[in-house]
Structures are given as structure tokens and as C-alpha cells.
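See structure below.
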Amino acid sequence: MLPENYRLKNKYAFSATYKIQNSFYKNGIIMFVGKKSENIISPKIGFVVSKKTHKRAVKRNRLKRLMRESVRLIIKDNFDFKNTQSIIFVGKSQALGKSFDEINNSIKLLLKEIN
RNA sequence: GAAAGUAGUCGGAUAAUCGCGCUUGAAAAAGUGAGGAAAGUCCGUGCAUCCAAGGACAUAUCUCCGGAGAAACUCCGGACGGCGUGAGCCGGUGGAAAGUGCCACAGAAAUGAAAAGCGAACACUACACAAGUUUUGCAAGACUGCCGAUGGAAGUAAUUCACAGGCGAUGGUGCAACGGUGAGGUAAGAGCAUCACCAGCGAUAUCGAGAGAUAUCGGCUAGGUAAACCCAGAUAGGAUGCAAGAUAGAUCUGAAGGCUAUAAAGGUUGUCCACCAACUUCUAAGUUAUCGCUUGAGAUUAUGAGUAAUCAUAAUACUAGACAGAUGAUUAUCUAGAAACAGAACACGGCUUAUGAGCUACUUUCAUUA
RNA sequence: CGGGAUGUGGCGCAGCUUGGUAGCGCACCUCGCUUGGGACGAGGGGGUCGCACGUUCAAAUCGUGUCAUCCCGA
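The opening residue of the first sequence carries number 977 in my numbering; numbering runs sequentially from there.
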């Protein structure tokens, strides 16, 4: 898990982020970007791989962990999120079974889209 | 040496860097962190709340015997049946001489077996006869087949008879035709108070705790289907599942109408009796925390009892407990050049299914050599 | 976590209760009709009933297990 101030937690935060409908797609990963506001130190980030993507829990967990690890390394490099409140990454079936390098590149490309 | 069977084991390891959950601690830090199936949810329980604590019927589940177990579509040992050359494996395995139903097609007949048909009159088709169709009647005396002993008829006789009589063998149909195969026997035949072997039924004796096994005798035979209804026996308080539920805090508001009669409607198990509760309109609020939560019908080791499942006693350690939900990423080396199936969400006992590369023990069959 | 349903030609559905013949519509192929096409008419092909085992003389149908898909409740 990410450090506690980076976690996107409750149901209202998730649905609020989805409602903005500001999304980007790359290699089986969809990124939803939430509102912007001043005085935000760290963005809240959530990861979703639904049961419809794959039936087996092991494969869903694997994709989620790879995405989380990639984001963790990016945060460590002091990436500038430009005062974004919340971000959600949704894994789709095209991303299943890919290596860490492929996932990492996709997420880096997606995060460049934030303005 | 090859091919099998059974039981068990293993379920990646090491190092470096960057990280996560929980516990302890003031902090630094230390400890600890998925499975053999955690899966499917197919059974059975604990635990929790609510209803009932009264009765009847219905309903559901189970079904060889003994034992184990909290219970189980559970396990162990045995019996019987089936499969396999064998080691072994598989089996929802009570009752069809209580009753009902079903057994397609074929066949005379599918279960009180047997009608393998026959005769006559009238009508129709037809010129008529022959022949056919239809209708009606008949009940073991008749018909097809086998036989011609006995009796009868014909004939000198051999012999013949759609004569009486005897028989249910043979042929055909079908999964199945009121025991099977062979011999004797007979005119031909037949379980035929004839025989041998076998199946089945009943009785008796012996062995066994029992399922059952073995032997002898008897009469001389009763179709299949209960994973069709059913019968018999046994068992079962019901509903809802940890998002159960408990505690604390916040909220849970306020107002008006209705609450007499009839009918209808809700809940408690499917029904009945019986019992319990209540509605409508306007209006207000709603991102909580802790417990339940892991010390247990537990685990490991040893000893004892038992064929075994399992049980008893003693010692040892405490070993995930999250809540957008922890076990990860990268690199290198190795087993084996690329590690399968797969992720705890209250817990436990089973069953079922998925699974890479090997290893160990015992057993069987075949081949080769001595 | 709990509950329910479905699986049958290429597609959508009957048949299962009460076991013996797998059928209907659309689509497909051939022929006819037409100057040609469509429509119409006639004829034809194609499925072993998701999979496995069992009960039975006989299974799409009955029983058990298993796989997949869909839906509902908290």
C-alpha cells in the first residue's frame, strides 16, 4: 500500500473523480483525473481492477501491485502532480500478463497528460 | 530393464537495493506475515440475532453390517456385486410372492400368458366362380406345427387320416417369452416325486458380533423397472448469516389525521387452527469508532490402547487478522535454459475440482540374463 | 457471503413434466417464376442436445459430479 496521505479511500471520493469524466487511455490502463485546488500537498491515488477483467484474484492482484509499484517509484522521484486532488488508475484485460517495464512506461506516459 | 498400482513427500532457494500490513516500544528498532488446495460452495457443525416453546398433517433427507466421530452426500474395517492377467480399483447396495403405473417397434402373446385362429350368414367389389374386404357370432369341441404309442376309421398289408388323443419341445419376434446347459427317457415331448452341474426360493445345522458364508434336505420356479409413484424403517424446532450481532457517540425530529363496523392485506415453516404487529400526509437528518477477530471439537512431539479410523495422557510453542483491503518490484546466481495450480476476510470437519519438475517406500505384470 | 436460472443446426427458440420419431422461424444451397433483382412457390443440406460417469433393453429427457454464462439480495 502507498503511504496513508496518498491513498484514495472512500466511495464518495471515487464517484466524485469519475463524475469529472476527464480520462486518458494507454495500453490497457485508463487514468481518471479529478479536480484541482490550491494548497494540495499530495494527490490521492486509487487503483481498480474489476472482477470482469479477469476471474482469478491472483491475476487481478498482480496487475494492481505492478501499477502501485510504478506509482510509488514515480512519487519517490518528486513528480509534480500540479495540485491535482485525486487520480484513479483502472486496469483492463489488455494489460494483464504484461511485465513491470511495460506497465511503468504506460503510466509515465499517462501522467504526462496532466496539465 | 520396461509398464503399472498404492501410500507419502516437496510446493522454490540465496544475496543486494527500494517498499507494505500487524504486534511490542516514548523512540530507535525488533518480531511476525497466505494454501495444499486459501478455490468451487456440494454437504455438516460451532457461534450470533429473531420467531416458537402447542397440536395435526404434509414435507425434506438417508438406506448392506460393525466401529469411529459434534455431525455429515464423512472416515476406518468387513460382506456382497462389478472391472482388471495382476497389484488393486469402483459401487445412492432395504422392499417387485401390499398396491398402482410403464415395458416403444416387432410379435399370437409383455404377465389372471398363449386365438401361431375357425365356422356361418348377409352385404359390398366383381358378368360369374375363385379370391379379398368388412360386419356379426363362437369358446377349448376347433386351428398351424411336432407325434401317431393307446383308441377309432380306411386298406389284404405296408401305410394313410385337416380322426379322437398327447405335448409345449421346435420355429419366428424382441432387452426380456413362468428357470439354464447336457444326458437319460418317450410315439413325440415335458423338472419328468429321472440324473449331473448351475441360478433362484424355503427349511435345518455349523461358523461369525453382524452383513453373510458353507453343507444337507425339500418342494419343483415367483419377468424387468422403486436414480417411476409407492411401502417399510431411521433422522430433523424454524428463519436469517460476521454486511450476523454487541457497546459507545451522533442522529433517531415535530405536527395533523386514522385507530367504530364490514371486506381485504403483513409476519411466525408449506397449509389449517392458534398467536403477534400495524397505517396515511407534510417535514428534518444521515462519509463514526471500538468490539466480534482469532487460544482452537486447534497444532507439533512422545508414550499407551486399537487391525484401523480414532481415543487417552504428558510436554512444547502461540504462528496473518486487513477494511479501496498487506506478502511486492528490479538485478544476479542456482536447482532444471523458462516453477504449475492458485490469494485468508468469523471459524472448524469433510467432499469435489485444478496443479510444474522431481524424490522415497512397498507391491504387481511382462521381458532378458544367471 | 447467500439465493436462482440457462446451456439443443450459423442466430433466436420448442421438445424434458409422462424416457423410444430431435422440430419451428430466420439464414444457407438448388430449381422455377422475372428482361434482371427482390418477394413468392417447390425441393434440399446442416445439430448426437456444454462435458463426464451412472440407472435403464433404451437417456436431449432420470440421478450424481463438473465446466461456462447470466441474474437477484445483503
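Think of the CB as a built atom: it goes at the ideal place given N, C-alpha and C, for glycine as much as any other residue.
All values reported here derive from a predicted model rather than from experimental measurement.
Distance from the Cα of Phe1023 is smallest, within the candidate group Lys1068, Glu1089, Lys1031, for Lys1068. The closest CA to that of Leu1049, considering only Asn1081, Tyr994, Thr1029, is found on Asn1081. Approximately 7 Å separates the beta-carbon atoms of Lys1020 and Gln1061; this is inside 8 Å, confirming the contact. If you draw a straight line from the Cα of Gly1010 to the Cα of Phe1065, it is about 12 Å long. Bounds of the beta strand (DSSP E) holding Ile1005 are 1005-1009.
In the displayed model, Val1066 falls within a strand according to three-state DSSP. Spanning the alpha carbons of Asn1059 and Val1034 requires a straight line of approximately 34 Å. CA-to-CA, the gap between Lys1002 and Ser1026 works out to about 17 Å. Lys1052 has its alpha-carbon roughly 17 Å from the corresponding atom of Ile1063. Leaving aside the five residues that flank Leu1086 on each side, the residues in its chain whose CB is nearer than 7 Å to its CB run, in chain order, Phe1000, Lys1002, Ile1005, Met1007.
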